[in-house]
Amino acid sequence: MAKEIDRIRARSALETVKESPLIAAVALAPAVVVLGVVWWLTNWFVALLVLIALGAVVVVRGKFVR
Numbered sequence: 708m709a710k711e712i713d714r715i716r717a718r719s720a721l722e723t724v725k726e727s728p729l730i731a732a733v734a735l736a737p738a739v740v741v742l743g744v745v746w747w748l749t750n751w752f753v754a755l756l757v758l759i760a761l762g763a764v765v766v767v768r769g770k771f772v773r
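Counting from 1 along the sequence shown, just add 707 to a position and that's the residue number in this note's numbering.
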C-alpha cells in the first residue's frame, strides 16, 4: 500500500507541474539562486558539491519525516 501512495503522490506532483509550471519554477528558484551564487563566488565543482549535499539532506530528511 505504501508504494501505491508514493505513486499517487508522484502522479499528482507531475500533474501539478504540467498544469502550472510556474509553481515548480517558484519552488526551485531559491535553490537555483543559491547554486548560482556559490558557483559565481567559487567554482563549478564547489557548486556541484553543494548540490549533492543538498540532495542528500532532502533524501535523508524525507526518510526521517515518513
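A virtual CB, placed ideally from N, CA and C, is assigned to each residue, including glycine. These numbers come from a predicted model, not from an experiment.
Beta-carbon to beta-carbon, residue 757 and residue 767 are separated by about 16 Å, too far to satisfy the 8 Å threshold.
With respect to the 8 Å criterion, residue 761 and residue 738 are classified as neighbours on the basis of their beta carbons. Excluding residues up to 5 positions away in sequence, nothing lies with its Cβ nearer than 6 Å to the Cβ of residue 728 in the same chain. For residue 719, the secondary structure class from DSSP, reduced to helix, strand or coil, is helix. Rounded to the nearest whole angstrom, the C-alpha separation of residue 747 and residue 719 is 35 Å.
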